[in-house]
Amino acid sequence: MQGYRPSERRRSLIRRKEMPLWQELPLLLVVAFCLAVLIRTFLVQAFYIPSGSMQKTLEIKDRVLVNKVVYDMRDPLRGEIVVFRGTDNWAPEVTEPVSNAFGAKLGRTVGDLVGVSRPGERDFIKRVIGLPGDKVACCDDKGRITVNGVGIDEPYIADGYNSDLNQPPNPSQCTSRRFTTVTIPPGEMFVMGDHRAVSQDARCQGPVPIKNIIGRAFVIVWPSSRFTSLSVPDVWKTYAADHPSASSEHTLRTGGGTPGTDFFVLPFLLSAALSARSGLPLVTRRRRLPS
């Protein structure tokens with residue numbers, strides 16, 4: 007076969023190995039599903055907001071993306087919005103009825119695998135207010151919560167969404183704005199909802215172990231009209247600069263909390279998609295996975 011060069015032979019082999027679209031498409035769908043399951047398990051998960059406890063920051067039926075590895079690299083910060091598993095003291099907050107029909111159950115199972123289902127009854131989303139060693143109380147002479155004796159102006163609490171200042175404290179219900187000073191134990195955090203009038207949170211249900219955090223909510227992705235990042239409010243950045251805690255000092259040393267940390271998964275997704283389509287091997291580096 008004079009004149010048949012090796013490069014032509016390789017091209018001929020590649021052409022013979024190409025699959026028709028009807029065979030390639032199911033394979034790509036299986037690869038995409040497996041990638042979605044891996045990403046949901048270890049990296050980023052979408053969460054459905056079932057209640058109004060975080061209004062107006064998060065509305066019912068919003069969907070947020072949660073970074074599941076950020077707290078493997080640093081500690082949480084005051085002002086961040088986190089998804090966590092509640093303790094036995096925490097009562098479920100789900101307000102919408104759940105269908106038990108077979109189709110609905112199947113949809114929830116598939117949705118949970120790829121990370122787009124509603125959270126479980128023990129999953130909550132709140133804002134971090136206090137970290138280990140902090141003393142959190144309410145209220146000062148302006149009706150504000152205080153952290154280590156400093157009153158906090160909270161711009162994310164909309165007018166009419168705060169709890170009643172004049173109602174006496176109730177240890178079993180978060181209906182009053184007032185609560186006695188709570189010193190946050192080591193390894194725990196004090197969290198509250200932005201809609202204080204309806205949120206059942208650490209005021210009456212107690213602090214939550216930091217190890218129970220599932221991840222940090224960093225962006226609203228649905229509906230598209232509400233697409234926005236969920237950054238730390240400036241009031242908390244200013245407070246952290248003036249009153250650093252052990253957690254915030256650790257974060258500053260390790261360089262955590264920058265916007266780029268939350269979007270590191272995008273290059274991975276692009277690389278995976280290109281690799282699946284072109285047949286090139288996907289090279290990944292080892293990383294520490296969440297426990």
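Using the working numbering, read the sequence shown as starting at 7 and increasing by one per residue. Note that CB positions come from ideal geometry on N, CA and C, so glycine has one too.
{"Query": "Straight-line Cα distance separating A247 from P192", "Result": "21 angstroms"}
{"Query": "Per DSSP, the bridge partner or partners of S182", "Result": "D170"}
{"Query": "Distance CB(I158)-CB(R150) smaller than 7 angstroms", "Result": "yes"}
{"Query": "Test item: CB-CB of D207 and M195 under 7 angstroms", "Result": "no"}
{"Query": "Reduced DSSP secondary structure (H/G/I, E/B, other) of W228", "Result": "strand"}
{"Query": "Closest residue to K62 among T152, T93, Y167 and V50 (Cα-Cα distance)", "Result": "Y167"}
{"Query": "Contacts around S205, its chain only, beta-carbon distance under 7 angstroms, and the 5 residues preceding and following it disregarded", "Result": "S59, C180, M198 and G199"}
{"Query": "Close-in-space but distant-in-sequence residues of the same chain around G212 (CB under 6 angstroms, 5 per side omitted)", "Result": "N95"}
{"Query": "Distance cut-off 6 angstroms: P56 Cβ against heavy atoms of the ligand ATP", "Result": "Annotation note on the ligand ATP: not contained in the displayed structure, which lists no ligands."}
{"Query": "Endpoints, the alpha helix (DSSP H) within which Y77 is located", "Result": "V76 to M79"}
{"Query": "Distance between P82 and V142 (C-alpha atoms, nearest Å)", "Result": "16 angstroms"}
{"Query": "Alpha-carbon spacing of Q173 relative to N154, whole angstroms", "Result": "23 angstroms"}
{"Query": "Same chain, Cβ closer than 7 angstroms to I219, neighbours up to 5 away in sequence not counted", "Result": "Y77, P82, V88 and F90"}
{"Query": "Contact belief for D129 with R232 at Cβ below 8 angstroms, rounded distance in angstroms", "Result": "Actually they are not in contact, since the Cβ atoms of D129 and R232 sit about 21 angstroms apart, beyond 8 angstroms."}
{"Query": "Beta-carbon separation (whole angstroms), I131 vs I190, contact threshold 8 angstroms", "Result": "Actually they are not in contact, since the Cβ atoms of I131 and I190 sit about 19 angstroms apart, beyond 8 angstroms."}
{"Query": "Residue of A52, S57, D146 and E65 minimising C-alpha distance to N73", "Result": "A52"}
{"Query": "Contact set for R222: own chain, Cβ-Cβ below 6 angstroms, skip 5 residues either direction", "Result": "N73, V76, E86 and V88"}
{"Query": "Proximity below 7 angstroms, CB of S178 to CB of R202", "Result": "no"}
{"Query": "Best match in T93, S57 and I66 for proximity to K217 [C-alpha to C-alpha]", "Result": "T93"}
{"Query": "Of the listed residues P215, S57 and I135, nearest to P239 (C-alpha basis)", "Result": "I135"}
{"Query": "Residue range of the beta strand (DSSP E) that includes Y54", "Result": "V50 to Y54"}
{"Query": "Distance between N176 and S237 (C-alpha atoms, nearest Å)", "Result": "32 angstroms"}
{"Query": "First through last residue of the alpha helix (DSSP H) which encompasses D159", "Result": "Looking at the DSSP string, D159 is not in any alpha helix (DSSP H), and its letter there is neither H nor E."}
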